[in-house]
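K.L.:
There are 2 protein chains.
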Amino acid sequence: MTASINDVARAAGVSASTVSRALRGRTGVSDEVRDKIAVVAAQLGYTASRSAASLASGRTFTIGVLVPYVGRWFFGTVLDAAERVFSAAGYDVLLYNLGSPEIRKRFFTRLPVRKRVDAVLSLLIPDDEESAALRSLGVPLATTVGGTRPGFTVVGIDDRAGTESAVRHLVNLGHRRIGMISGASGPLHWTTPIERRNAYLDVLADAGIEHDPALEADGDYTVEGGERAMTELLAVSRPPTAVYAQSDEMAMGALRALRRHRLRVPEDVSVVGFDDHELADVVGLTTVAQPVADQGAEAARLLLRQLDEPGAEPPTEQVQMPIRLVLRETTAPPRPRGPQ
Amino acid sequence: MTASINDVARAAGVSASTVSRALRGRTGVSDEVRDKIAVVAAQLGYTASRSAASLASGRTFTIGVLVPYVGRWFFGTVLDAAERVFSAAGYDVLLYNLGSPEIRKRFFTRLPVRKRVDAVLSLLIPDDEESAALRSLGVPLATTVGGTRPGFTVVGIDDRAGTESAVRHLVNLGHRRIGMISGASGPLHWTTPIERRNAYLDVLADAGIEHDPALEADGDYTVEGGERAMTELLAVSRPPTAVYAQSDEMAMGALRALRRHRLRVPEDVSVVGFDDHELADVVGLTTVAQPVADQGAEAARLLLRQLDEPGAEPPTEQVQMPIRLVLRETTAPPRPRGPQ
DNA sequence: AATCTGAACGCAAACGCTTGCGCAACAAGG
DNA sequence: CCTTGTTGCGCAAGCGTTTGCGTTCAGATT
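Chains A and B are the protein sequences, given in the same order. Residue 52 in full-length UniProt numbering is what sits at position 52 of the first sequence, and the numbering runs on without skipping anything. Residue 202 in full-length UniProt numbering is what sits at position 202 of the second sequence, and the numbering runs on without skipping anything.
What follows is the structure, given as structure tokens:
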């Protein structure tokens, strides 16, 4: 059907091994033979079979990327950036969408990436068992989310600092009743919601504000969850005058809930999010910006570096990317206290 | 390093061919031997090498998916749904992010998917040359965007009907100056913007409204482009009282532009979008909903069906998914004409 | 002129599977 | 009891590369 390396070899009057060396830029081939082979290969439309090549060489030139949900902006953006880096380096990307628990479980028990990839980038937080499974692959590993874990290169952000800047901003505006919409019901072993919560509590304590557990609600990291959570917060006896949402998507859900309750933002309630979603600007959301695409690209680069230096041991590296508070239109000082 | 089929064969006291047949559920293996092999394979942690398997069988159990920009909601959502279908059927997904023209060109000249995939799902519109290149792969092809083309199964929507329902809605509300923000500067050979434009013109003509070329602006399918386009439309001598944006992202850009100009939606200007973006609901955008995820899933299913029936020729099939107008809060009758 | 040294290239053995074919062993039919 | 099928399994030939090693040969060194 399609041309093989032997067809090229025959047409060029050389051996298959010479063709292989020539096309991959190895030494030991004279310039004229190399050129000749290049010409012949081009006119035969020859491409080396990856299956055969990886069977023989042991390298697949393929990276496995694990994603909880490709459709979500954050993951899509990270994936996008990572893919660019990988493909520029000649690597292909095998995508695994591990949304549901069953699919996820199946993936980690069968481990279909075994013998298929040279490295794995995980955009989801593997629990201990899962990360052991990944380590058993014997390839470099990286992740862009969650805390550090042995064997993984992780690039992330300073969740504490981000949260602090957001909540402190609300405090500085004069708010005293500050709610939080968190993503606690996400996967276990995910340190992000916990760190952000701790930072939130610390800032409140620092400001001498007593913590009211009724002012925390779970938003599940989705728009709908954020809406539900905000609705809950509005139902408490003394509702918050400001809300810190642990993600922009939840913040947007909160905005929707507020609009449905005919409350004005920021006059009645201030809202601050986290991520700087591409549409945060559209809705004027004040938020903590993190370099999402950069994290994907950086993780990809670190992985490639490990592939280039096969000697070095997996360095459990940790990279922190900068965050910054972006002020827009959803935060303002609280209204002067009315008669209730 | 990791167990091979021969290790399993030896440990189970059978030949490698029997292991192969047993593990893949082929006939010609007694139940007891099959069980024995399953046990041994499990405790050895054996997974067949895909490289070796596809080299020997000619099948890769891999689907190539071509995407212009994974980070964009539409494509991320289609990809997400398609991947679920593929992986449920035992296929892996190779992702190619073909954002920039150079990358795209490189892809189609080198065609790295050759001998690597059993089928290709393209979320971008190949021009004639590109689609010829894809056909040369000799595998089933499908796309979820753009018009029909030989050799491709395409699942899409009725762009005409969608646009008509949107523009007619504005007409019915009483609008006479109806602008359009289009995505014309996208890739050539893309029929979508053209069809939508034609439908827009037809509805206007039907309603006896004269078409004003100054009321059309290019929004490049992005939020920023939509904002620019809306700004242009506001600058014409008699600005529109309503705008039809060919995508929700451009519509959101338009909303931002309107807010910056201190114009109220829908009181001063009505806006209707297209797609039903996940956040359209958050901003209350009236829009034409299309089943984005369903399109990805359906395209994937059709591809798999072709893989199961190798006999049938590529059927240049065309599937139309339903659309519907979703009324929210960005459309209303025009203001009664003031003295200006 | 004999020897040595690289560079350029071919040989052939992997790599780990799949699969057509052949061969027992055994059951059923005459 | 001898055929004719059927079932269960092993043999071995690929699949298309890569790569260690061996060979050849031109030019440099004695």
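From the three backbone atoms N, C-alpha and C, an ideal C-beta is built for every residue, glycine too. As the structure is a computational prediction, the values presented were derived from the model and not from experiment.
1. Count the other CB atoms within 10 Å of the CB of N97/A; is the residue buried (16 or more) or exposed (fewer)?
2. If we count the other Cβ atoms within 10 Å of its Cβ and call it buried at 16 or more, is K115/A buried or exposed?
3. Along the segment 39 to 55 of chain A, what residues have a CB closer than 7 Å to any CB found in chain B?
4. Below 9 Å on C-beta distance, what does K115/A contact in chain B?
5. How big is the Cα-Cα spacing for M252/B and E278/B?
6. Per DSSP, F274/B is paired with what?
7. Kindly indicate which three-state DSSP category T148/A falls into: helix, strand or coil?
8. Who are the neighbours of T60/B on chain A, taking C-beta pairs under 8 Å?
9. So, with DSSP's three-state summary, where would you put L95/B?
10. Can you say whether L327/B is buried or exposed, counting buried as having 16 or more other CB atoms within 10 angstroms of its CB?
11. Report yes or no: do the segment 162 to 178 of chain B and the segment 29 to 37 of chain A share at least 3 C-beta pairs separated by less than 8 Å?
12. Just checking: is the beta-carbon of V14/B within a distance shorter than 8 Å of some beta-carbon in chain A?
13. Using a C-beta cutoff of 8 Å, does N6/B count as contacting chain A?
14. Mind checking the segment 164 to 182 of chain B against chain A and listing, in chain order, the residues whose C-beta falls within less than 8 Å of any C-beta there?
15. Do we get a CB-CB distance below 8 Å when we pair V19/B with the residues of chain A?
16. Any idea if E210/A is buried or exposed, counting beta-carbon neighbours within 10 angstroms, 16 or more meaning buried?
17. Where does G219/A land, buried or exposed, given buried means 16+ other C-beta within 10 angstroms?
18. Tell me where the alpha helix (DSSP H) around I63/B begins and ends.
19. Relative to the C-alpha of G138/A, which residue among P126/A, D127/A, V120/A, V155/A is closest?
20. G76/A CB to nearest chain B CB: under 8 Å?
21. Against chain A, does M252/B count as a neighbour if the rule is that its beta carbon must be under 8 Å from one of theirs?
22. Please work out which residues of its chain come closer than 6 Å, Cβ to Cβ, to G179/A, disregarding the five sequence neighbours upstream and downstream, and give them in chain order.
23. Output yes if chain B places a C-beta closer than 8 Å to the C-beta of R104/A; else output no.
24. Looking only at C-alpha atoms, which of M250/B, G284/B, D276/B, A280/B sits nearest to P266/B?
25. Taking 7 Å as the limit between beta carbons, can you name the residues of its chain near L247/A, skipping five residues before and five after?
26. Run the CB neighbour count on G208/A, radius 10 Å, all protein chains shown included, and call it buried at 16 or more, exposed below.
27. Tell me the rounded alpha-carbon separation between G58/A and P68/B.
28. With a threshold of 8 Å between beta-carbons, can G25/A be considered close to chain B, or not?
29. Okay, do the segment 102 to 113 of chain A and the segment 133 to 150 of chain B touch, 3+ Cβ pairs below 8 Å being the bar?
30. Assuming I323/A contacts I157/A under a Cβ cut-off of 8 Å, what Cβ separation, rounded to an integer in Å, is found between them?
31. Do you know how far the Cα of V223/B is from the Cα of T191/B?
32. Could you round the C-beta distance between A41/B and V8/B to whole angstroms and report it? I think they count as a contact, below 8 Å.
33. In or out: D92/B buried (at least 16 other Cβ within 10 Å) or exposed?
34. Among T2/A, S15/A, M321/A, whose alpha-carbon lies nearest the alpha-carbon of T144/A?
P.N.:
To lay it out plainly:
1. buried
2. buried
3. T47, S49, R50, S51, A52, S54, L55
4. T2, T47, A48, S49, R50, S51, A52
5. 12 Å
6. V288/B
7. coil
8. S51
9. strand
10. exposed
11. no
12. no
13. no
14. none
15. no
16. exposed
17. buried
18. Here I63/B belongs to no alpha helix (DSSP H); instead the beta strand (DSSP E) covers 62 to 67.
19. V120/A
20. yes
21. yes
22. L215, L233, P240, V243
23. no
24. G284/B
25. Looking at the sequence shown, residue 247/A is not Leu but Ser. Closer than 7 Å at the Cβ level, and outside the excluded window around S247/A, lie G183, Y221, G273, F274, D275.
26. exposed
27. 31 Å
28. no
29. no
30. 5 Å
31. 21 Å
32. 5 Å
33. buried
34. M321/A
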